[in-house]
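Participant: Numbered as in this note's numbering, the sequence shown ends at 164 without a single skipped number.
All C-beta atoms in this analysis are idealised placements derived from N, C-alpha and C, irrespective of residue type, glycine included.
As the structure is a computational prediction, the values presented were derived from the model and not from experiment.
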Amino acid sequence: SFTAAVTDSPIYASVGPALQDMFKESGITMELERVSGAEINNAIYQREDYAAAVTAYAGAADPGRTLSARFGTGGAQNPGEVSIAELDELLATGAASTEEADRGEAYQAAELLVMEEALEVPIGFNLEATVFRSGVEGIDRGYGSCPGVDYTQRIFISK
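#1: Buried or exposed for Arg39, going by 16 or more other Cβ atoms inside 10 Å?
#2: May I ask which residues mark the beginning and end of the alpha helix (DSSP H) holding Leu118?
#3: Assuming Thr78 contacts Ser88 under a Cβ cut-off of 8 Å, what Cβ separation, rounded to an integer in Å, is found between them?
#4: What's the C-alpha gap between Ala111 and Ser31?
#5: Just the C-alpha distance for Thr8 and Glu104, rounded to the nearest angstrom, thanks.
#6: Just mark Arg52 as buried or exposed, buried being the case when its beta carbon has 16 or more other beta carbons within 10 Å.
#7: Within the same chain, show all residues whose beta-carbon is closer than 8 Å to that of Asp5, passing over the 5 residues directly before and after it, in chain order.
#8: DSSP on Ala58, reduced to helix/strand/coil?
#9: Excluding five sequence neighbours on each side, which residues of the same chain lie with their C-beta closer than 6 Å to the C-beta of Ala81?
#10: What is the residue span of the beta strand (DSSP E) that Glu91 lies within?
#11: Assuming Thr12 is part of the beta strand (DSSP E), what are its boundary residues?
#12: Counting pairs of beta carbons, one from the stretch 63-73 and one from the stretch 18-26, are three or more of them closer than 8 Å?
#13: Suppose you measure from the CA of Ala23 to the CA of Thr60; what does that come to, to the nearest Å?
#14: Output needed for Leu124: all residues of its chain with C-beta closer than 7 Å, excluding positions within five of it in sequence on either side, in chain order.
#15: Using alpha carbons as the reference points, say which of Ala101, Ala56 and Ala100 lies closest to Asn83.
#16: Within the continuous alpha helix (DSSP H) that includes Leu72, where are the two ends?
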């Protein structure tokens, strides 16, 4: 049995109970507590009020910053206090290099280790919606990092 924080976003308001049902089918009780989006990081990372959270993590543009924060020893967003020497070495190798290919190789190996160790198990992908005010023109392509996703399918406001 554990308690998970759920942000007050409408998306997570429906995802939380769905996860709760999945855990229940496995014999695990997951209690849900609503937490405001403005407060979620403090509740998870500073006060450590919850064992889990139903939320999204976008990360930084630099994969090294994201991986180090989430999974590096002493990472600011590593509430499980994960500490794996091999992972720290890969992150240090990537950070020390100025060659894109070398950085990519180190960070890919680090991501593989994260997956092999099941340090984080994604249950879904947050396909973001970008909203533009009326009158914005020239948007012909969306950008994102999920392979195979058509990022031109966005939500637009007509008024």
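Facilitator: Let me lay it out:
#1: exposed
#2: According to the DSSP assignment, Leu118 belongs to the alpha helix (DSSP H) that extends over Glu105 to Glu121.
#3: With a Cβ gap of about 4 Å, Thr78 and Ser88 count as contacting.
#4: Pairing Ala111 with Ser31, the inter-Cα distance amounts to about 36 Å.
#5: Cα to Cα, Thr8 sits roughly 43 Å from Glu104.
#6: exposed
#7: Because the chain in this structure spans residues 6 to 164, residue 5 falls outside the shown range and cannot be described.
#8: strand
#9: Taken in chain order, the residues that qualify are Ala74.
#10: Counting along the chain, Glu91 falls outside any beta strand (DSSP E), though it belongs to the alpha helix (DSSP H) covering Ala90 to Ala101.
#11: Phe7 to Thr12
#12: Cβ pair count under 8 Å is below three, so no.
#13: Roughly 13 Å between the two C-alpha positions.
#14: Phe76 and Val87
#15: Ala56
#16: Pro68 to Phe76
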